[in-house]
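Engineer: Before anything else, here's the structure in question.
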Amino acid sequence: MIEFNWDWAFAWEVLPLLLDACLVTLQATLFGSILAVVTGLILALLRRSQSKAVAYSAYWWMEFIRSTPLLVQIYFLYYVAPEWGLNMSPMVTGVIALGLHYGAYLSEVFRSGIDGVGKGQWEASIALNLSPYRTYRDVILPQALRSMIPASGNYIIAMFKETPQLSAITLLEMLQLAKIMGSENFRYLEPFTLVGLIYLALSLVASTAVRQAERRFPKEGFTLS
Amino acid sequence: MPVTEILTALVGGAVITMKIVVMALPLATLMAFTAGLMRISEHRSLRWLAVIYVEFFRGTSALIQLYWIYFVLPLFGLSIDAVTAGVAALGLNIGAYGSEVVRGGLLSVDKGQTEAAIALNFTPRQRLWRIILPQALVGMMPPFGNLAIELVKATSLVSLITIADLTYRAKSLADMTLQVEQIFGLVLVFYFLMAQALTLGIRALEKRLGKGMQRGGLS
Chain U
1 MIEFNWDWAF AWEVLPLLLD ACLVTLQATL FGSILAVVTG LILALLRRSQ SKAVAYSAYW
61 WMEFIRSTPL LVQIYFLYYV APEWGLNMSP MVTGVIALGL HYGAYLSEVF RSGIDGVGKG
121 QWEASIALNL SPYRTYRDVI LPQALRSMIP ASGNYIIAMF KETPQLSAIT LLEMLQLAKI
181 MGSENFRYLE PFTLVGLIYL ALSLVASTAV RQAERRFPKE GFTLS
Chain R
1 MPVTEILTAL VGGAVITMKI VVMALPLATL MAFTAGLMRI SEHRSLRWLA VIYVEFFRGT
61 SALIQLYWIY FVLPLFGLSI DAVTAGVAAL GLNIGAYGSE VVRGGLLSVD KGQTEAAIAL
121 NFTPRQRLWR IILPQALVGM MPPFGNLAIE LVKATSLVSL ITIADLTYRA KSLADMTLQV
181 EQIFGLVLVF YFLMAQALTL GIRALEKRLG KGMQRGGLS
C-alpha cells in the first residue's frame, strides 16, 4: 500500500502539464458556451413560435435533453455520429454535446428573459412598424439581456465543471491527464487534488464575476434611457 | 443481438441506477438540511464550516470528487468499494446544492411567523420544526425536484468507476454489439422516464405538503 504523504516534487512535475491540459478544458468550455448560446436562443425563439407543433417540439426537446445525463449524450454522439457518416474528433464531439446540453438550459433562461420584457415594448415595436427581426435585435433582446447575463453565467460555470466527463471519450483534458499521470506513477493523490483545486479556483473566480455582473444588471426596476 | 436481450440487460442496469439514487437521496437530504441549517446558525464557526463544505463541493466537479473518493481515500487507509464511493460522492455533491435550497427556503418564510412563535412562547426547536420548516418545505419542493433529477443524471458518472449501472451496461453493450443507435437511444429514453416519474412524485409530494397553507390567511 502506498503511504499517504504529499509528494511536492511530484506535484510540481504534474502541475505544468495540468495547466496545459486546462487550456483544453477552457477551449471546450468556450466553444461549448458559444454553441449553447446559439442553440439556446434558437430554442427560445422556437418555443415562442405561432405554430403549436413547433413550440411543443422545442419544449420536449428541451425537457428531454435536460432530464438525460450529459455523459450518455456524449456517448451517443461519440458512437452514433460515425454511423451517420460524421467522423468527429473527441473535442468536436464534446463541444457539440456540451453546447446542446447547456443550450437546453439556456433556452429557459432566454425564454424567461424575453417574457420579462414588458408588453408595451412589443406593442411599440408593432406601432413603429419594425420587422420581427429588428424587434428582437433592437428592442427585446437588449432589454432581456440584463436578466439573462447572470443566469447564463451560472450555467456556463456549470458547464465548465462538467467538462471532466469528456475524459470518457478520451479527450485529453485535465482529469484525463491526471488519471494517466496517476496510473503511470501509482500516485493519485497529487494529480486529482491539484485538478480539484484548479477547478475550485477557476469556478470561484468565475462565480465572483457573475455576482458582479448581477449587481451591474439588476433584475428589476431598470429604466430605459 | 436481439432487442429483447438488450432490453433485459438495460433493465438490470436501470435497477442498479435506481438503487444508487435511493441510497444517495437520503444522504443528500441529510447533508442539505444539516448544512442549510448551519448556514443560518448563530454560531460563526458552524456557518463557516457549512460554507467551506458547500463551496468546496459546488466549486469542484462531481466527477473529480468521485475519483478523489474512489482513488485517493484508500491512501488514507480507508478502503472503500465502488458503490460506497459513488453514493458518498453523489450524496455530498447534491447535498451541497440542496443546502442552498434549504437556506433560501428557511429565509423566505415571513419574519412575522418567527415573531409570532416567539410571542406564543414556542421553544426554538418547536419554532423550527412546527412553524418555520413546514412552511419552508413547500417552497423547497420544486428546486428539490430539479436536484433529484440532477442526481439521477449524475448517477451515470458511477459507470466510470466500474459500477454496472445503466450507462456502464450501455457502453459495454455498444462496444460488444455495435448496435449503438438502439442502445443509446433506449438508454436516453430510460433516463427520461425515470426523471419524469420523479417529477410526478415530487409534484404529488408538493401538493400534499402544501395542503392547508391557505388556511388562516397564510400564503
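Here the protein sequences line up with chains U and R, keeping their order. Heads up, the first sequence is in the numbering used here, so the first residue is 1 and it goes up one at a time. Heads up, the second sequence is in the numbering used here, so the first residue is 1 and it goes up one at a time. C-beta atoms are modelled at their ideal positions from N, C-alpha and C, and glycine is treated no differently.
1) Going by the CB atoms, is the gap between A32 (chain R) and V102 (chain R) shorter than 7 Å?
2) Only counting the same chain, and skipping five residues up and downstream in sequence, which positions put a Cβ closer than 8 Å to that of S57 (chain U)?
3) Does the beta-carbon distance from G105 (chain R) to A28 (chain R) come in below 7 Å?
4) For a test of the three-state rule: what should DSSP assign to W61 (chain U), helix, strand or coil?
5) According to the neighbour-count rule (16 or more other Cβ atoms, all chains shown, within 10 Å of its Cβ), is H101 (chain U) buried or exposed?
6) Answer yes if the stretch 80-88 of chain U comes into contact with the stretch 21-34 of chain U, meaning at least three C-beta pairs across the two stretches below 8 Å, and no otherwise.
7) So, is the C-beta of A14 (chain R) closer than 7 Å to a C-beta in chain U?
8) Please determine, among U:R211, U:A144, U:M174 and U:A206, the residue with the shortest C-alpha to C-alpha distance to V14 (chain U).
9) Helix or strand or just coil, what does DSSP make of Q179 (chain R)?
10) Quick one: any contact between the stretch 111-127 of chain R and the stretch 169-185 of chain R, if contact means 3 or more CB pairs under 8 Å?
11) What does the alpha-carbon distance come out to for the pair P120 (chain R) and M140 (chain R)?
12) What three-state label does DSSP hand L211 (chain R) in the structure shown?
13) Please report how far the alpha carbon of E184 (chain U) lies from the alpha carbon of Q179 (chain R), in whole angstroms.
14) Counting along the chain, where does the alpha helix (DSSP H) carrying S108 (chain R) start and finish?
15) Are the CB atoms of A24 (chain R) and S67 (chain U) within a distance shorter than 7 Å?
16) Which chain U residues sit within Cβ distance under 7 Å of K19 (chain R)?
17) Using the beta-carbon of each residue, which ones in chain B are nearer than 8 Å to F144 (chain R)?
18) If you check the beta carbons only, do L70 (chain U) and Q165 (chain U) fall under 7 Å apart?
19) Interface residues of chain R around T68 (chain U) at Cβ under 8 Å?
20) Would you call the stretch 57-73 of chain R and the stretch 181-201 of chain U in contact, with 3 or more CB pairs under 8 Å?
21) Select from R:K211, R:G145 and R:V158 the residue whose C-alpha is nearest the C-alpha of L198 (chain R).
22) Against chain U, which members of the stretch 40-67 of chain R pass a CB distance test of less than 9 Å?
23) Please classify I40 (chain R): does DSSP put it in a helix, a strand, or coil?
24) Kindly indicate which three-state DSSP category R187 (chain U) falls into: helix, strand or coil?
25) My understanding is that F190 (chain R) touches L30 (chain R), with C-beta atoms under 8 Å, so please give their C-beta distance in whole angstroms.
26) Using a C-beta cutoff of 7 Å, does F10 (chain U) count as contacting chain R?
Structural biologist: Inspection of the coordinates gives the following:
1) yes
2) L46
3) no
4) helix
5) buried
6) no
7) no
8) U:M174
9) coil
10) no
11) Per the sequence shown, residue 120 (chain R) should be read as Leu rather than Pro. Their Cα atoms are separated by approximately 26 Å.
12) Note on residue identity: the sequence assigns Lys, not Leu, to residue 211 (chain R). Three-state result, K211 (chain R): coil.
13) 34 Å
14) A82 to S108
15) no
16) Per Cβ cutoff of 7 Å: no residues; K19 (chain R) is ~16 Å from chain U at best.
17) Absent from the structure: chain B. Protein chains present are U and R.
18) yes
19) K153, L188, Y191, F192 and A195
20) yes
21) R:G145
22) E55, F56, R58, G59, T60, S61, A62, L63, I64, Q65 and Y67
23) coil
24) coil
25) Their Cβ separation, rounded to whole angstroms, is 28 Å, which puts F190 (chain R) and L30 (chain R) out of contact at 8 Å.
26) no
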